[in-house]
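J.: Residue numbers (the working numbering), protein chains in the order written: chain A, 61 to 379; chain B, 61 to 379; chain C, 61 to 379; chain D, 61 to 379; chain E, 61 to 379; chain F, 61 to 379. For glycine and all other residues, C-beta sits at the position ideal for the given N, C-alpha and C. Bear in mind the structure is a predicted one, so any value in this text is a computation, not a measurement. The structure that follows is given in the form of structure tokens.
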């Protein structure tokens, strides 16, 4: 079964070794995108993962496609003229109490002028799931229309649809709220950071309460909320499972929440139960924080090992 | 005496060690701008050099200003909101017969929305010279207006004005031609690559013929044309001086023509004769090709040493 | 139409910056294999390229697959136990008169225990061409058998077969000679270095004479011989085309002859004429020498530009 | 209002990535000096900061000046002959329980032969404050005389004077004690590490007690003592304010105490109250520990964010 | 007095900066071997340390010898043909909860075909101690025989013999158990990780109990067990000393247990008491964890400083 | 037979990748000394090579010793207090016409206070040759005395003595001339750059004439002059052999003339004829130019290969 994703991807240029962007002499090159990150995390678990997008036919655009293919994606790209923009994200890793800094420069990228009719929707047919996010929609009116169309098309075709709520700072919470709510009727699985739920949907309460409220209000199949280093919750069938994370030495948090999303999707598609899905997703997010760059390298074996270790810790603590 | 320059500057992100942008894992960070490059070259010769521009108040914009100050410029910057764009140039050094590759992503940068009235023209008063280029004008209508206004203001204030002809691929020759010709009445010193003169002005002939034709048509004080690794010519008072370059092991050609321009300005301001000005400018351009990145590091002593060496070579050859 | 290749691939660990293996503190990681290099060169021209092989299911083996996928291959891999060996090639770039040094450590790699029956031959069906080389065969008796079987199977199935003659120092010329001659009846296109033809087949004469002799003796469809920085020849239909190379600043010669092979295959599959095929292959090999590492990054546009430049040079010289 | 500083600056050569000097193959280049570090920290807050010193007119000396200008200083340098020495500090970052290691090689640097009469004291006129330290004085008799003369001149000219007590291991506590006490009558603001006060002045007691004793004994306007990762105290008008630091992941402690000093100066010059000055200085020192190299990159906004975070923590703890 | 060691050494290729082997673009080159690591740790304390082994006469083999000589060993090497294999260990540093990963590729290395008769045993004469380990024996039958012969020869010659128990994952515990027990009659000092004792010898109990049981069963002179970050125990004369380790920021754990072994040997040879030997060994192991790569850089002074610090901590805690 | 050398060694800190010292962000660490470079070149040919010197007992001094041991020297060092200076040489590789730049900072290093009586002269007894140079003598009066004493002692003990003439810019030619001439009665073999002979000895003529004049004036056994990339001459027994060098792609010229000296010594000690000695020395110098850093890595096999290649070229040219 295939996971089809659609979204924007940027060059991710990171200052090395806790240096600051204002003085760093070199930048490490990665690739970052909410949907492609999730698709890579799923592909590492053996899921056939397709990524639909638009890139300039320039060394920068071809690099994006090459890197994602090297991480296992079937990158099905509409190639724009090489003179169009490739989005960039500059990243500076902080060190407590100095926060991480991101400079987002994706506005006007080639992908922002992708209309629904530029894509063949054939790839959706027979897919196991479809995934897109507010981070992509937030970039242009064209992308709002394209994401909405793809969700509706997938939903009508009987494909399980999933949506990532976080706008990555590209939309104000108010702008996001208005647009994303309209989509929820076409969405089966909602994945989000707890903090984005509060901000975008303007809701209060514990993670469990938020998941429950969302699920019942919009009739979702599953709602998976990551709480970062505090673990996550997963709602299904009126039950909300909760899972803590183990203590982690964070190397780079970029893309960790997307790894959570990707594993939720992969495990949901494989028919895994809610508790197992959540445990694997929390472990994958934890592992993603220990690796430089936004792309997950965690295999099923890596995840199983961390899940077992977390179970052990929990058992020890509960004794 | 002060050299005042106005122009756009980009982050210059270069793939290291002859790697290609499509696969390089890291990028070296430099700063690149036609006018700031020239101003740095002049500052290295002891000229007080001012650079006027607009930058986003972000780590990227602050980095541009910091690097240029570290290379000796008085960077007098209008700070835009930190959310505005910072232009970027990606660079891949070729290796014969593989050509150098540049991906220019300066469109929409904060500076492109700089109107003449955003700048105080006080800095022009009493300046020894003012310099701007078509590469900056080519970025927006606002910048066409700002460059033209500054040239006119300087000219009216009795400041020697200089103009760099090359649009750096941002304008078609036709677009450039139309606009820059209108400015020539306000320009005293024209600096250009020989190839840009041919392309932009649509003229034929040898470098000497081009310089002569331009000078007489527009009543320039000096016309300095660089021919790259073949040296350059400098027209003054109806005489056109010519100078060959010594053979060079090119490390990075970026910014070399701007170093030529900067030294033409510095030596012209200092009242140096045409032959001496040309010799120093060709030497500075040659040296700039031997150093990574767009910014000249050549001191007066470095240049004098190369000029002497070139003179020796010429003498030997002419024996 | 699909190009199917079969062969061994090694980690390629290269000392950086002209350092020597005996003192280098770091090594750059690439992937190197005669067939995968050729397949990548073909993929860059838009040919659907499959690479069949066996790798250990370890971080090293997965890295090989990931890198090749990132360069556009469909890597169809038999996964061996993670405890099996991954072959390595250590490489030290020389500087005249200091020669390049290679330390080959592929003996006993997982792939050397790949028997014909471990592979599904389905991938051959309907393929446009099949390619393997003596460098793979030289590693084990199993691989001799597997390569021979695949060539025979392809040939029987009406797939155009191509063979690379060079054993990469893994076989003595005598050992190679004996084995490879037996295969020639199943081979349509022979690709080789001129020097390997002399050494392995023990023949004398000019490149043209060698190509002609081989083609007529073994009834090949095409014989393409690269002469390195001196260009190459391509024999077809009793005519031997010759092409010189342009002067090149060599960054890294690794994999250049494989790029020649890959482009010969791609262009042959596309029905290109002999002269055009040769011109593109020589250009691709030339470009491959200007890039670090064994994998070609040359697009069709890159190659066309160099071919045009070489044509210009030739025209100028012949005037 | 301008902050004028005078002092020695060294190349700071640091082993990367927790490597040891005895084996590191590369060194990162920074610039380090007690007064220039403080001046940079003040400049980042918008204070016009002048640094007076002497450097050899060599690539090393010019590099020091360039780097400091790039970080915002007005570097007003007496240029010595290029053959004179440039001081160096080698630095090895430890990892608990392995301590940091510094090898100081500044003895005999060009600056050590700077007599008071080599400097124009014009820069002091109208300055908002003047700052120098025992680390500079400790390098030569000439520098003792120069620092003392500058402090006296500033004091006589009505400029607020500030002094940094720490000799950076260049003086024995006894040697330092004798000399620095003579200066205290010309000093308005004393800045020091708590540990240096104990060692140099041979006093016991808590930080508050030390600050109080010093202030009353020498009639200082302000005494600011940093306690490193435990925060600091600031005495003014018979009141001693105290501030704890938030927990920090230390990347590089070099220059952190100087950032504390620089912010004490900047805020004192701006007329900030004692509590506010101390809070900002502790935050700046904390941030300086999270960045590689001795130079502060903390803007006013960065500092305000950390102060707010520390206030929040304190509030939470006190609930 | 001389410490003679015999054992295998591999190239140690480590992914930098917490990157993973599956994606790292570069590898850092170190040298790793249980006995050579121990010999280097001893040499840093001033012990004349000999390392006997076999290496291919290739750049790789010569590099191993050069690096070990640079760290103070007298490397007395049997040079094999340059075409033979040099063993390699690939290493990926984890980040909690992601574990460290090692890929061991030493099988078939030149050293594995070293028979006892290839070595001159003259180096053993008059030696202060001889040391070898199960990690070397586990590589081949030849090496089992060579290690056993050397232990017996040394023992018969009255040289104190020491043995390291850990097979480094090259032997199953069962395979190791059988072989190593046969040697114990020739061993005076046993050094091991607590965990290896449990696994290899199949014993339970606390570290103290294990040491005691081993010592009495096999009549060892000393048994030194490291417990990693929890310190270690040392049994002598029916008394088992115990020592905790101070908290450590682990940079790279590779080779730390070997540093423990090396210091146990150095201090035992120097006649140091059990408590002092253990304190120094625990301190050396702690320091080795704070440095990249497997080779100890800790001098006697470094160790004394950490021992003093640990004593202070203990005193403070016990107050 | 042992080669004993005495001399100064510095840290050699080189800007990477053709960057300039004025802007390079990192420096590569090497070790450089006229005598230690020569001793390393000899050791690579299998000569037992001793290096006598004095170093500070600091991480920097220990690093010098470790690196030289790693390159095969028996480094017999007088350890000075860790607070004494370690000499440094900063190096910037040029690119034609930009020259290489060296900043020498060895004055006042610990070794400059080494008196003859600090060294045991036992190492000279039975040595095959002794070597020191003017570059060491030029650093202090103590070193003049020490070098002269060692030469005299060696000469009296019947040890062949060799002297390197070049002061490395540390002495004016006049200062050097006066001192070194006094030593010539104790010198058997003189090694020098042709240019140093002209400068230091104030002589004119071709290299052959210079060698002849020196040899007859001072009764030298051999005089070996390197002419850099133009080869060298070697005078013995009234005959002056000459040898051209092959064309070389120069990576780093540092230490190349010392490699020439080291091979002259090694081959002279081994009784090689003049022509063979010269051919090997020119080849070694040529190879040294192709490797980063001052230390030769050329084995006897490397040299033989280049000699054969040069012979071939000569034969071809002479046909």
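Terminal residues of the continuous alpha helix (DSSP H) containing residue 362(C)?
T.: 360–378
J.: Identify whether residue 320(F) lies in helix, strand or coil by the three-state DSSP scheme.
T.: helix
J.: Taking only beta-carbon atoms, is residue 129(E) less than 9 Å away from chain F?
T.: Residue-level contact by beta carbon holds for residue 129(E) and chain F, with a gap shorter than 9 Å.
J.: To test your reading of the DSSP string, which unbroken beta strand (DSSP E) runs of 3 or more residues are found completely within the segment 168–223 of chain F?
T.: 189–193
J.: With a threshold of 9 Å between beta-carbons, can residue 141(C) be considered close to chain F, or not?
T.: no
J.: Considering residue 267(A), what are the terminal residues of the alpha helix (DSSP H) in which it resides?
T.: 267–278
J.: Going by C-alpha distance, which of 282(C), 238(C), 124(C) is nearest residue 261(C)?
T.: 238(C)
J.: Does any residue of chain F bring its CB to less than 9 Å from the CB of residue 126(E)?
T.: yes
J.: Distance check for residue 316(A) and residue 366(A), CA to CA, integer angstroms please.
T.: 15 Å
J.: Run down chain E in chain order and give the residues with a C-beta less than 8 Å from the C-beta of residue 354(C).
T.: Within chain E, no residue comes near residue 354(C); the closest Cβ sits about 14 Å away, beyond 8 Å.
J.: For residue 294(D) and residue 310(F), I'd like the C-alpha separation in whole angstroms.
T.: 60 Å
J.: Excluding the 5 residues preceding and the 5 following residue 144(C) in the sequence, name in chain order all residues of the same chain whose CB lies nearer than 7 Å to its CB.
T.: 116, 170
J.: Given that a residue counts as buried once 16 or more other Cβ atoms are within 10 Å of its Cβ, and exposed if not, what is residue 282(A)?
T.: Here residue 282(A) is buried, its C-beta having at least 16 other C-beta atoms within 10 Å.
J.: If the criterion is Cβ atoms closer than 9 Å, does the pair residue 331(F) and residue 97(F) meet it?
T.: no
J.: Enumerate in chain order the residues of its own chain whose CB-to-CB distance from residue 268(C) is below 6 Å, with the five nearest sequence positions on each side excluded.
T.: 293, 300
J.: Which term fits residue 234(F), buried or exposed, when burial requires 16 or more other beta carbons within 10 angstroms of its beta carbon?
T.: exposed
J.: Answer yes or no: does any C-beta atom of chain E fall closer than 9 Å to that of residue 156(A)?
T.: no
J.: So, does the CB of residue 159(D) fall closer than 9 Å to a CB anywhere in chain E?
T.: yes
J.: Looking at the structure shown, is residue 46(C) part of a helix, part of a strand, or coil, going by DSSP?
T.: Outside the displayed span of chain C (61 to 379) sits residue 46(C), for which this structure offers no information.
J.: In whole angstroms, give me the CA-to-CA distance for residue 60(D) and residue 113(D).
T.: The structure shown does not extend to residue 60(D), since chain D is modelled only from 61 through 379, so no value can be given for it.
J.: Strictly under 9 Å for the Cβ-Cβ distance: is residue 4(A) near chain E by that measure?
T.: Any question about residue 4(A) goes unanswered here, given that chain A covers just 61 to 379.
J.: Kindly indicate if chain F contains any beta-carbon less than 9 Å away from that of residue 349(C).
T.: no
J.: Among 71(E), 93(E), 99(E), which residue has its Cα nearest to the Cα of residue 87(C)?
T.: 71(E)
J.: Quick one: what's got a C-beta closer than 6 Å to residue 134(D)'s C-beta in the same chain, skipping five residues either side?
T.: 110
J.: My guess is that residue 352(F) and residue 160(C) are in contact by the Cβ rule of under 8 Å, so how many angstroms apart are they, rounded?
T.: At roughly 16 Å, the Cβ-Cβ gap does not stay under 8 Å, so residue 352(F) and residue 160(C) are not in contact.
J.: Is it true that the CB of residue 131(B) sits closer than 9 Å to the CB of residue 106(D)?
T.: no
J.: Determine, for residue 136(D), whether the minimum Cβ-Cβ distance to residues of chain A falls below 9 Å.
T.: no
J.: List the residues of chain F that residue 312(C) touches, going by C-beta distances under 7 Å, in chain order.
T.: Within chain F, no residue comes near residue 312(C); the closest Cβ sits about 14 Å away, beyond 7 Å.
J.: So, is the C-beta of residue 77(D) closer than 9 Å to a C-beta in chain E?
T.: So, interface residue.
J.: Please report how far the alpha carbon of residue 8(F) lies from the alpha carbon of residue 360(F), in whole angstroms.
T.: This structure does not reach residue 8(F), given that chain F is present from 61 up to 379, and the question cannot be answered.
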